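A.B. asks:
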Amino acid sequence: MTELERALVSLGGELAFPEAPDVSAAVLRRVAEPAPRPGRNRRALVLAFAVLAVAVGAAMAVPQARTAILEFFRLRGATVERVETLPRVPPASENALGLGRPLPGARTDVKIPEVLIPTELGGPDATYASEEPYGLQLTLVYEPGEGVPESPYTGVGILVSEFVGEGATRYVEKLADLATRVERLQVGPYPALWLEGGPHFVIFEQEGRVFQDEGRLAGNTLLVERNDVLVRIEGEIDRERAIEIAESLE
Amino acid sequence: MGDRPLADDELVARAQHGDTDAYGTLVKEHQTIAFRTAYLVTGSAADAEDAVQDAFVKAYRALGRFRAGAPFRPWLLAIVANEARNRRRSAGRRERLALRAAEDPLSGGAVPSPEAALLESEQRHELLAAVNDLREDDRLALSCRYFLGLSEEETAATLGWRRGTVKSRTSRALERLRERMEVEA
Chain A
3 MTELERALVS LGGELAFPEA PDVSAAVLRR VAEPAPRPGR NRRALVLAFA VLAVAVGAAM
63 AVPQARTAIL EFFRLRGATV ERVETLPRVP PASENALGLG RPLPGARTDV KIPEVLIPTE
123 LGGPDATYAS EEPYGLQLTL VYEPGEGVPE SPYTGVGILV SEFVGEGATR YVEKLADLAT
183 RVERLQVGPY PALWLEGGPH FVIFEQEGRV FQDEGRLAGN TLLVERNDVL VRIEGEIDRE
243 RAIEIAESLE
Chain B
103 MGDRPLADDE LVARAQHGDT DAYGTLVKEH QTIAFRTAYL VTGSAADAED AVQDAFVKAY
163 RALGRFRAGA PFRPWLLAIV ANEARNRRRS AGRRERLALR AAEDPLSGGA VPSPEAALLE
223 SEQRHELLAA VNDLREDDRL ALSCRYFLGL SEEETAATLG WRRGTVKSRT SRALERLRER
283 MEVEA
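Line by line, the protein sequences give chains A and B. Start counting at 1 in the first sequence, then tack on 2, and there's your number in our numbering. Start counting at 1 in the second sequence, then tack on 102, and there's your number in our numbering.
#1: Buried or exposed for Q188/A, going by 16 or more other Cβ atoms inside 10 Å?
#2: Given E197/B, which residues of its chain have a CB within under 7 Å of its CB, disregarding the five upstream and five downstream residues?
#3: So is K130/B in contact with chain A if we call contact Cβ pairs under 8 Å?
#4: Taking just the CA atoms, how far does A258/B sit from D239/B?
#5: Tell me, which residues are paired with P173/B by DSSP?
#6: Would you kindly report the start and end of the unbroken alpha helix (DSSP H) that includes F158/B?
#7: To be precise: take each residue of the region 19–33 of chain A, compare its Cβ to all Cβ atoms of chain B, and keep it if any distance is under 9 Å. Which residues remain?
#8: Please report whether the beta-carbon of L118/A lies at a distance below 8 Å from any beta-carbon of chain D.
#9: According to DSSP, simplified to helix, strand and coil, what is H202/A?
#10: Going by beta carbon distance, what residues of the same chain come within less than 8 Å of L229/B, once the five residues before and after it are set aside?
#11: Assuming the contact rule is C-beta atoms closer than 8 Å, V29/A and V114/B should be a hit. Round their C-beta distance to whole Å, please.
#12: Could you check where the beta strand (DSSP E) with F249/B kicks off and where it finishes?
#13: Relative to chain A, which residues along the region 145–158 of chain B have a C-beta separation below 7 Å, given in chain order?
#14: For I135/B, name the three-state secondary structure that DSSP assigns.
#15: Report buried or exposed for R8/A, applying the criterion of at least 16 other Cβ atoms within 10 angstroms of its Cβ.
#16: So, at 7 Å on beta carbons, what are the nonlocal neighbours of R226/B in its own chain, with the 5 sequence-adjacent residues on each side left out?
#17: Pull up the distance between the alpha-carbon of L244/B and that of L236/B, whole angstroms please.
#18: Can you check whether the C-beta of E145/A is within less than 8 Å of a C-beta belonging to chain B?
#19: At what residues does the alpha helix (DSSP H) containing I119/A begin and finish?
#20: On the three-state DSSP scale, how would you describe L47/A?
#21: Nearest by alpha-carbon distance to R31/A: which of I135/B, D110/B, L108/B and D156/B is it?
#22: Anything in chain B within Cβ reach of A9/A, meaning under 7 Å, just list it in chain order.
#23: Using 8 Å for Cβ pairs, my map puts E151/B next to P23/A. What's the rounded Cβ distance?
#24: Determine which residues share a DSSP beta bridge with R186/A and list them.
#25: Distance, Cα to Cα, V162/A vs A80/A?
#26: Taking the beta strand (DSSP E) that V166/A falls in, what are its first and last residues?
#27: From this set, E131/B, D110/B and L142/B, which residue's C-alpha is nearest F168/B's C-alpha?
#28: If the cut is a Cβ gap below 8 Å, which residues of chain B does L6/A touch?
#29: Can you pull the chain A neighbours of T134/B, defined as C-beta to C-beta under 7 Å?
#30: My understanding is that P191/A touches E227/A, with C-beta atoms under 8 Å, so please give their C-beta distance in whole angstroms.
#31: Quick check on the DSSP output: the beta strand (DSSP E) that includes G2/A runs from which residue to which?
#32: Using 8 Å as the limit for Cβ to Cβ distance, is E16/A near chain B?
#33: Measuring CA to CA, which of E254/B, S223/B, L250/B and H119/B is closest to G266/B?
#34: Rounded C-beta distance between T182/A and G200/A? I'm assuming under 8 Å.
#35: Just curious, the alpha helix (DSSP H) that E227/A is in, first and last residue?
Okay, structure coming up:
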């Protein structure tokens, strides 16, 4: 440890942190109450409206996104909005992808109801998980290679993200400008959305709270709603390839 | 519960089976570090308290997804930091870290002379001012590592960064601090 580091440790002991309040009684009182669990359909409906309201709020919070929402498309776990102009892109940072923590090995031992692996791509080069009260996000990372160009938006080849939660309550919001084409699809029995043609903006929200700090630009993306798992496939790939990958999830 | 204080994993296991007393013990054991983490993110005691309370409630409801054998503290602090970030966005302000009014002499047995104490005090204020002026990522990296005493792994989990990111940001922040302190020296 350097002298500066020792000085910082010493400084930490002298900081005037406000006294930590004892929240235990309040916490125990709250956990004794039944968790808010409205019926799934009703909950989905309520959240859908909430998400729209939140999206408007989020757009208003970013000066350059203070623009009209022209159109929106919705899956249960995702909303895609077409707006006049995209928000300002934040400075790139390693954390901007918001993948969570890396898991050792290519496969995951995280307990989730359903881990989907695209057999078209095989085992991922890396796996990340973000385990939170909101649900779980599992992301499979595929490095660039033959037929898989590097994405200028993610720096990797293909990202396959799976959002798992109660009714896919971890919402993905996208603000697409007019350069991006949005198409409704069916991938097998599942409803899906395909975004192509221009970069779009991604933020993560749930019930009025933005819980990823930095939005980011994203490339071509296929969103598939598979029961309670929202699958998101992103990369510099065309629609047919994305559908092939989605259909191979098992 | 017996004489021996229960370890986190035992308390978590009991809480997972609905033992709210066990969870209350976990709350009491971790609420100070949770509050300080939230305060570092929000810069507001009121927001930090709200964030901590909500985080403990959400953590309780998420215990079913907690992996047995995993350390509880970084998992909790990740939730706390998330809640704190949400509040920081809405508040849009941050109080600067400050030194305690009644400052103790620096560690070591010898009591410094008044002149030495004044110099040390000035240096500490300068160092803290330099930390406060760092960009947020750098400030959080240093605060978690040196002010809260979190390990690299815990800092990575708390802030949602990769461990390599913690290492590089800490190194970058220390370099900036050095430059700043050299300029002011």
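Beta carbons are placed, not taken as given, at the ideal position from N, Cα and C, and that holds for glycine. Treat the numbers as computed from the prediction; the structure is a model and nothing was measured.
C.D. replies: In this structure, then:
#1: For the purposes of this step, residue 188/A is taken as residue 186 along the first sequence, with counting starting at 1. It counts as exposed.
#2: Looking up residue 197/B in the second sequence gives position 95. Exclusion of the five residues before and after E197/B leaves G145 and S146 as the residues of its chain whose Cβ lies within less than 7 Å of its Cβ.
#3: What you label residue 130/B is simply residue 28 of the second sequence in a count that begins at 1. Yes, contact with chain A.
#4: Locating residue 239/B in the second sequence gives position 137, counting from the first residue. Locating residue 258/B in the second sequence gives position 156, counting from the first residue. Rounded to whole angstroms, D239/B to A258/B spans 12 Å at the Cα level.
#5: Reading the second sequence from its first residue, position 71 is the one you call residue 173/B. P173/B pairs with nothing; no bridge assigned.
#6: Counted from its first residue, the second sequence places residue 158/B at position 56. Start and end: A147 to R163.
#7: Listed by position, the residues of the region 19–33 of chain A near chain B (Cβ gap below 9 Å) are F19, P20, E21, A22, P23, D24, V25, S26, A27, A28, V29, L30, R32 and V33.
#8: You won't find chain D in this structure, because its protein chains are A and B.
#9: Position 200 of the first sequence holds residue 202/A. Reduced to three states, the DSSP call for H202/A is strand.
#10: The residue given as residue 229/B occupies position 127 in the second sequence. Around L229/B: L279 and M283.
#11: Within the first sequence, residue 29/A is the residue found at index 27, counting from 1. Within the second sequence, residue 114/B is the residue found at index 12, counting from 1. Taking C-beta atoms under 8 Å as the contact rule, V29/A and V114/B fail to qualify, at a distance of about 15 Å.
#12: The count along the second sequence starts at 1 and reaches residue 249/B at position 147. Taken as a continuous stretch (DSSP letters only), F249/B belongs to no beta strand (DSSP E), as it is neither H nor E.
#13: Within the region 145–158 of chain B, the qualifying residues are A147, E151, V154, Q155 and F158.
#14: Along the second sequence, read from residue 1 onward, the residue named residue 135/B stands at position 33. Here DSSP, grouped into helix, strand and coil, assigns I135/B to helix.
#15: In the first sequence, residue 8/A corresponds to position 6, counting from 1. So R8/A ends up on the exposed side.
#16: Numbered from 1 along the second sequence, position 124 holds the residue referred to as residue 226/B. Close CB contacts of R226/B within its chain, under the 7 Å cut and outside five residues either way in sequence, are with L201 (chain order).
#17: For the purposes of this step, residue 244/B is identified with residue 142 of the second sequence, where counting begins at 1. For the purposes of this step, residue 236/B is identified with residue 134 of the second sequence, where counting begins at 1. Using only the alpha carbons, I get a separation of about 10 Å.
#18: The residue labelled residue 145/A in the question sits at position 143 within the first sequence. Put simply, the CB of E145/A is far from chain B, with every gap to its CB atoms at 8 Å or more.
#19: In the first sequence, the residue the question calls residue 119/A occupies position 117. No alpha helix (DSSP H) contains I119/A, which DSSP labels as neither H nor E.
#20: For the purposes of this step, residue 47/A is taken as residue 45 along the first sequence, with counting starting at 1. Per-residue confidence for L47/A stands at a pLDDT of 26, beneath the threshold of 50, marking its modelled position as unreliable; no derived number is given.
#21: Residue mapping note: residue 31/A aligns to position 29 of the first sequence, counting from 1. Distance from the Cα of R31/A is smallest, within the candidate group I135/B, D110/B, L108/B and D156/B, for D156/B.
#22: If you number the first sequence from 1, residue 9/A lands on position 7. Ordered by position in chain B, the residues that pass the 7 Å Cβ test against A9/A are L229.
#23: For the purposes of this step, residue 151/B is identified with residue 49 of the second sequence, where counting begins at 1. For the purposes of this step, residue 23/A is identified with residue 21 of the first sequence, where counting begins at 1. Their Cβ separation, rounded to whole angstroms, is 5 Å, which keeps E151/B and P23/A in contact under 8 Å.
#24: On the first sequence, residue 186/A is found 184 positions in, with the first residue counted as 1. Answer by DSSP bridge pairing, in chain order: L195/A.
#25: By 1-based counting over the first sequence, the position of residue 162/A is 160. By 1-based counting over the first sequence, the position of residue 80/A is 78. Each residue's Cα considered, the two are about 15 Å apart.
#26: Within the first sequence, residue 166/A is the residue found at index 164, counting from 1. Note, V166/A: beta strand (DSSP E), I160 to V166.
#27: In the second sequence, the residue the question calls residue 168/B occupies position 66. Scanning E131/B, D110/B and L142/B for the CA closest to the CA of F168/B turns up D110/B.
#28: By one-based count along the first sequence, residue 6/A stands at place 4. Result: L276, L279, R280 and M283.
#29: Position 32 of the second sequence, counting from 1, holds the residue named residue 134/B. Per Cβ cutoff of 7 Å: A22.
#30: The residue labelled residue 191/A in the question sits at position 189 within the first sequence. The residue labelled residue 227/A in the question sits at position 225 within the first sequence. The pair is not a contact, with the Cβ atoms about 10 Å apart (cut-off 8 Å).
#31: Beyond the ends of chain A as shown, which are 3 and 252, falls residue 2/A; an answer cannot be given.
#32: As a first step, residue 16/A is located in the first sequence; it is residue number 14 there, counting from the start. Yes - at least one Cβ of chain B is within 8 Å of the one on E16/A.
#33: What you label residue 266/B is simply residue 164 of the second sequence in a count that begins at 1. Nearest to G266/B by alpha-carbon distance, out of E254/B, S223/B, L250/B and H119/B, is E254/B.
#34: What you label residue 182/A is simply residue 180 of the first sequence in a count that begins at 1. What you label residue 200/A is simply residue 198 of the first sequence in a count that begins at 1. Confirmed, about 4 Å.
#35: The residue labelled residue 227/A in the question sits at position 225 within the first sequence. Note, E227/A: premise wrong, no alpha helix (DSSP H); beta strand (DSSP E) at T223 to R228.
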